[in-house]
Amino acid sequence: MSAATIDSPGNQKAVAPSANDGGSSRADHIKFLIFALAVLTMPIWLSPIGAAYPDLVQKFAIFGILAIGFNILFGLTGYLSFGHAAFLGVGSYAAVWSFKLLTMNIVPAILFGVLAGGVFALLIGYVSLRRTGIYFSILTLAFAQMSYNLAYSVLTPITNGETGLQLALHDPRILDGPAGAGLPSTNLFGMLTVGYTGFYVCAVMLILAYYLAMRIRRSPFGMALRAIKSNQNRMNYTGFNTRPYTLAAFVISGMYAGLAGSLMAVVDPLAGAERMQWTASGEVVLMTILGGSGTLLGPVLGAGIIKYFENIFSAFNDQVLGRIFDFLPEGLQEAAVVLFSPFVGEGWHLTLGVVFMLIVIFLPGGVMEGVARIKARFDRSRSDTAR
Amino acid sequence: MTIFDKNVNRRRLLQGGVAVTAGLAAPNFFIKGAWAEEFRNNPGSAKSVKFGFNVPQTGAYADEGADELRAYQLAVKHINGEGDGGLLKTMTPLSLKGNGILGKKLEYVTGDTQTKSDAARASAKRMIEKDGVIMFSGGSSSGVAVAVQSLAQEMGVIFMCGLTHSNDTTGKDKKRYGFRHFFNAYMSGAALGPVLKENMGTDRRAYHLTADYTWGWTQEESIKNTTEALGWTTVKAVRTPLGAGDFSQYITPVLNSGADVLILNHYGKDMVNSLTQAVQFGLRDKMVNGKKFEIIVPLYSRLMAQGAGENVKGILGTTNWHWSLRDAGSQTFVKSFGQEYGFPPSQAAHTCYVQALLYANACEQAGTFYPPEVIKTLEGFEFDGMGNGKTLYRAEDHQCFKDVLVVRGKENPTNQFDLLEVVKEVPRADVTYDAKIFGGELGPYKVPL
Amino acid sequence: MDAVILQALNGLDKGGAYALIALGLTLIFGTLGVVNFAHGALFMLGAFCAVTMQKLLTLSRQIEDTSVTFFKAYKEVPYLKIWFGDTGLLLIDYSVPLAVLLTIPVMLLIGLIMERGLIQYFYKRSHAEQILVTFGLAIVVQEIIKAVFGANPIPTPAPNVVAGSADIGTWLGLGPTLVYPWWRLIYLAFSAAIIAGVFAFLRFTTFGMVVRAGMQDRETVGLLGIDVQRRFTIVFGLAAVVAGLAGMMYTPILPPDYHMGMEFLVLSFVVVVVGGMGSLEGAVLAGFLLGILQSFASMNEVKSIIPGIDQIIVYLVAVVVLQVRPRGLLGRRGVMEG
Chain A
1 MSAATIDSPG NQKAVAPSAN DGGSSRADHI KFLIFALAVL TMPIWLSPIG
51 AAYPDLVQKF AIFGILAIGF NILFGLTGYL SFGHAAFLGV GSYAAVWSFK
101 LLTMNIVPAI LFGVLAGGVF ALLIGYVSLR RTGIYFSILT LAFAQMSYNL
151 AYSVLTPITN GETGLQLALH DPRILDGPAG AGLPSTNLFG MLTVGYTGFY
201 VCAVMLILAY YLAMRIRRSP FGMALRAIKS NQNRMNYTGF NTRPYTLAAF
251 VISGMYAGLA GSLMAVVDPL AGAERMQWTA SGEVVLMTIL GGSGTLLGPV
301 LGAGIIKYFE NIFSAFNDQV LGRIFDFLPE GLQEAAVVLF SPFVGEGWHL
351 TLGVVFMLIV IFLPGGVMEG VARIKARFDR SRSDTAR
Chain B
1001 MTIFDKNVNR RRLLQGGVAV TAGLAAPNFF IKGAWAEEFR NNPGSAKSVK
1051 FGFNVPQTGA YADEGADELR AYQLAVKHIN GEGDGGLLKT MTPLSLKGNG
1101 ILGKKLEYVT GDTQTKSDAA RASAKRMIEK DGVIMFSGGS SSGVAVAVQS
1151 LAQEMGVIFM CGLTHSNDTT GKDKKRYGFR HFFNAYMSGA ALGPVLKENM
1201 GTDRRAYHLT ADYTWGWTQE ESIKNTTEAL GWTTVKAVRT PLGAGDFSQY
1251 ITPVLNSGAD VLILNHYGKD MVNSLTQAVQ FGLRDKMVNG KKFEIIVPLY
1301 SRLMAQGAGE NVKGILGTTN WHWSLRDAGS QTFVKSFGQE YGFPPSQAAH
1351 TCYVQALLYA NACEQAGTFY PPEVIKTLEG FEFDGMGNGK TLYRAEDHQC
1401 FKDVLVVRGK ENPTNQFDLL EVVKEVPRAD VTYDAKIFGG ELGPYKVPL
Chain C
2001 MDAVILQALN GLDKGGAYAL IALGLTLIFG TLGVVNFAHG ALFMLGAFCA
2051 VTMQKLLTLS RQIEDTSVTF FKAYKEVPYL KIWFGDTGLL LIDYSVPLAV
2101 LLTIPVMLLI GLIMERGLIQ YFYKRSHAEQ ILVTFGLAIV VQEIIKAVFG
2151 ANPIPTPAPN VVAGSADIGT WLGLGPTLVY PWWRLIYLAF SAAIIAGVFA
2201 FLRFTTFGMV VRAGMQDRET VGLLGIDVQR RFTIVFGLAA VVAGLAGMMY
2251 TPILPPDYHM GMEFLVLSFV VVVVGGMGSL EGAVLAGFLL GILQSFASMN
2301 EVKSIIPGID QIIVYLVAVV VLQVRPRGLL GRRGVMEG
């Protein structure tokens, strides 16, 4: 057992060529346009699966950003951060404080969120990146858990602990002037950013985030990061100092998380400590691996799948199941309800666990590998018929 | 009350419901005209309305959440006139007719709060945005209740709190769109006071172990105020991390601290663990300062008592309600719930059931689902026959005032549910306080869409 | 003085549990190269072996309580009591220690099935995928336990004989104020015995020698014509038994619930890393070290200087140790560093 790596490069190649490396920058741009279109039309095409309502599409976009950012670090450099949720939390707190102290306009909130995520990532990254592999993972985990534990308890004056930081009627909001009777809403220069408007703000950010990530991959910087992933020692031996590169990737990915955190506050002005717990960090890791780490689109898909389970599967009860299986004859309908009820509602965790296992057993490269396989089969059969 | 006749079959009832709906449609039209305003999820002329039940289905409070859900399902049945009618038989004043609400059949959707503010809000938003609920209810922690209550205010959909015990819910963080039937830490302290004096005297030295978050702090403060007023000394109040698991490092300093009372401001799993371990360290059998060492758990629940097993015997605390109460309302509810599910309801189930009924009743009484009118109907509403005696929904802070139970872990249970015995029913007057002491502001009745 | 001794004992106790879980994790990692996120679930399953034993022994005849009419309430009289009287009650009283009889075979079986059925297909896969699949497995196991036993903690008391406290102050000549619960002392002795047993097994048996050699250089040992694989499967079973026993014996201290494994999982990974990946001695050392530091950080004297220190001490120590010693306390170069 020597020099085990967190993510062996050999395995990565299985996915990478078909999904990413192949194709020109022009192909990339076409994919980008399709992606942008798909994101903006989410409220339409998600409607048949019951996911087209503001809160969930917002969550898809926000966690998509988080996962894309995480993937810049993990997918490109192979550094597995287990504390990414801390940056999300810090971004949220910064944004809510901006709403409380400055203005309900979302622009400063987002800027502060990104900045806070970046600065926090710089501090943690500087210390953590002195180590590699699992030692790095545990260092990031330790910092995130410390942040969570303190935010929940002794830092309550800043974070409002268990309840979460919320807006209050008597917040100063020095740029906005006195508030009316009720709590003000977040806005973009007067346009309220709740509901679907909030989603479009998040969607535009997601598209920008995707574009930036795409450019980073293609850039010399991105190449350097991938070289670090495949063999950091060799890079170091050639006199190439990898630290600034990994630190830059870490900070960028922290800023993505900060952006995601601030957007959570934009669409719902509340920041809770639970956002920083290790389970939240673990969720990002799972999203990325589930979708396909190293690919651009995979993490977004992974984020969507997990959020869908959390919000839709958990809401199924026997009543809903009964309605779904309405088309079956009575006896069969009851049998179907009995059969499926352990997997939905309070059992949605069980389904999630089973899905994790199935995907990783049968599709080592995540959902994206599944897509690539289908595409390959399709291509083959098409060339067969052509012949 | 023939409508509650068990032999009425579902089909006939539905037909009846439709007829009533048709009958009510005309006046409804005019009533709606009176408040021409649109409001979120206005059922309009729909035949049914939806409630959202947002309870913990995963995580440490999943069992409590499951019990809350059972109670809600029962409430829906009773409001729709199915089953034995439950508390509709004993509640006074009663506007509900057992035909749904304002003639509309009641349906429900469920969601998982995971006992996390974010997840709870996401789930509530799903109910409001996607499922179109007219009211939502539930929850098993104060953090979640406060977070969700503020969402209710933002969205203009009424939230009927489930189990939440922090003073903040109807104090510092109270909201116009949030209502709490459950009691709070202040009332626990006020109710415990006289019982503690009677059982332990006025010369005691207390040591607090407190869960290190908002609920723990408010409870510590409330209990401290009470005990210090009795003449007790507070030796020390130590904060413990949430979910510490092993509390031994916090318990050993109690042993030789000179304290003769240990107060555990913990809830759920933390309470089960800290109590189990405190007893393991011999605290229950100790003699200090010539007195028997005592442990107090200010907030009890049956599930916690089950988890701590033998260790709860003889330990004092408070609860909102207990199934062994003999009044007509409690007995009726225990009967309905027991016959439906085969075991007695927990206090969480009771408060959730009552909350669902109270909201439905207020709509019926107001003649509309328009939230500002429903809120005004609930504010200052006084009712009886739902357990806990005569109860007031105070207008100033949306807190219910009613009798509070002081209970003790039972020494010789006669059956598997007989874990707590009621020591005293502290009358409502003794636990009532001035709404101003906790500050906070309810906010406006009308919320922009 | 008393306070310091008591906190040291508390720390050793906690450390014992950490060390036992970390030991198993390191064994699996060192031999199979697999990062097992389901290890916390194994700890939890061990605890539920104790619960199952208790449920089996307290199988009861239900005598209806006729004073309750609205639902079926009954007083349970265990069959063991009906059949054997006081001897039966004594058996029930001892259900936690007796659960050893159940825990060892069940956990061994679970370990073997897990390795043959799932883990073996993941030797060559990336650690990220190992994490995902074992995490998925942990959730599935956990949810099954929740479906069977509910989410509420289940009381599993220690036998009556050892329910009280030992008068260790008198033994040590420090006066009668120093007492400590018997069961916690037993847990300490038990974890020490298991740790010693595992080390002795690896050091003094041929089997252990091969395993140790395999941990150093698997390929060479394989080339010598030794079936390393079969032995590693057994090692996995062994690690499952160690985790299970740790969980089973912990039940009188921590009433078990379905989620307890997840809570120990993160902590035990921190322990393993602080000890140094792949080092058994390091895992044990770090387990006890973190346990003791956690106890001392919770003392009021310490908390009054640094508020909230008890919330973060474990993680803070991890950060400091990894800054001073890049591969943990006793870690080897090149393991899991890539």
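Protein chains in written order, with this note's numbering: chain A, 1 to 387; chain B, 1001 to 1449; chain C, 2001 to 2338. Where is the CB? At the ideal position from N, CA and C, for every residue including glycine. Please read all numbers here as calculations on a predicted model, not as lab measurements.
I need the boundaries of the beta strand (DSSP E) containing residue i, first residue and last residue.
i: B/GLY1317; result: 1316–1319
i: C/GLN2062; result: 2060–2064
i: B/HIS1208; result: 1205–1211
i: C/VAL2179; result: Element bounds for C/VAL2179: n/a, residue is neither H nor E.
i: B/ASN1265; result: 1261–1265
If you follow the alpha helix (DSSP H) that residue i is part of, which residue opens it and which one closes it?
i: B/GLU1421; result: Per DSSP, B/GLU1421 belongs to no alpha helix (DSSP H); it is in the beta strand (DSSP E), 1420–1426.
i: B/LEU1449; result: That residue, B/LEU1449, is in no alpha helix (DSSP H); it is neither H nor E in DSSP.
i: C/ASN2160; result: Counting along the chain, C/ASN2160 falls outside any alpha helix (DSSP H), and DSSP gives it neither H nor E.
i: A/LEU263; result: 243–267
i: B/THR1368; result: No alpha helix (DSSP H) holds B/THR1368; DSSP gives it neither H nor E.
Just how far apart, CA to CA, sit residue i and residue j?
i: C/PRO2078; j: C/LEU2090; result: 12 Å
i: B/LEU1275; j: A/GLY161; result: 25 Å
i: B/THR1318; j: B/LEU1192; result: 7 Å
i: A/ALA121; j: A/LEU73; result: 12 Å
i: B/PHE1051; j: B/GLY1138; result: 11 Å
i: A/ALA52; j: A/PRO43; result: 5 Å
i: A/ALA260; j: A/VAL266; result: 10 Å
i: A/VAL371; j: A/HIS84; result: 27 Å
i: B/SER1336; j: B/GLY1098; result: 15 Å
i: B/THR1202; j: B/TYR1300; result: 23 Å
i: A/PHE60; j: A/GLY304; result: 5 Å
i: C/VAL2221; j: C/GLY2244; result: 29 Å
i: B/THR1214; j: A/ALA335; result: 46 Å
i: C/ASP2093; j: A/ASN231; result: 59 Å
i: A/PRO48; j: A/ARG217; result: 34 Å
i: A/ARG377; j: A/GLY258; result: 40 Å
i: C/GLY2024; j: B/VAL1055; result: 37 Å
According to DSSP, residue i sits in a beta bridge with which residue or residues?
i: B/MET1287; result: B/LYS1292
i: B/ASN1054; result: B/GLY1111
i: B/THR1391; result: B/PHE1383
i: B/ILE1101; result: B/LYS1104
i: B/LYS1236; result: B/TYR1207
i: A/LEU56; result: In DSSP, A/LEU56 forms no bridge with anything.
i: B/SER1048; result: B/LYS1105
Could you give the C-beta distance for residue i and residue j, rounded to a whole number, given that I count them as a contact under 8 Å?
i: A/LEU301; j: A/VAL360; result: Contact flag wrong, Cβ pair sits at about 15 Å.
i: A/TYR256; j: A/ALA209; result: 6 Å
i: C/SER2191; j: C/TYR2180; result: Incorrect: roughly 15 Å between the Cβ atoms, too far for contact.
i: A/ALA86; j: A/SER98; result: Between A/SER98 and A/ALA86 the Cβ distance is about 19 Å, and since that is not below 8 Å, they are no contact.
i: B/ARG1408; j: B/ILE1296; result: So it is not a contact: roughly 10 Å between Cβ atoms.
Closer than 8 Å, Cβ to Cβ, to anything on chain A: give me those residues from the stretch 1203–1222 of chain B, in chain order.
-> Residues passing the 8 Å Cβ filter: ASP1212, TYR1213, THR1214 and TRP1215.
When you check each C-beta in the stretch 268–280 of chain A against every C-beta of chain C, which residues fall closer than 7 Å?
-> TRP278
Just by C-beta distance, which residues in the stretch 1259–1283 of chain B are closer than 8 Å to chain C?
-> LYS1269, VAL1272, ASN1273, THR1276, GLN1277, GLN1280, PHE1281 and GLY1282
Residues of the stretch 2147–2176 of chain C whose Cβ lies closer than 7 Å to any Cβ of chain A, in chain order | For the stretch 2147–2176 of chain C, the beta-carbon criterion of a distance under 7 Å to any beta-carbon of chain A is satisfied by ALA2147.
Listed in chain order, which residues of the stretch 32–55 of chain A have Cβ atoms closer than 9 Å to some Cβ of chain B?
-> Along the stretch 32–55 of chain A, the positions whose C-beta sits under 9 Å from a C-beta of chain B are GLY50, ALA51, ALA52, TYR53, PRO54 and ASP55, read in chain order.
Of all the residues that make up the stretch 184–198 of chain A, which are near chain B by a beta-carbon distance shorter than 7 Å?
-> none
Short-range partners of chain C found in the stretch 1332–1358 of chain B, where Cβ spacing is below 7 Å = Residues VAL1334, LYS1335, GLY1338, GLN1339, GLY1342, PHE1343 and PRO1344.
For the stretch 2013–2041 of chain C, enumerate the residues whose C-beta is nearer than 8 Å to any C-beta of chain A, in chain order.
-> GLY2030, GLY2033 and VAL2035
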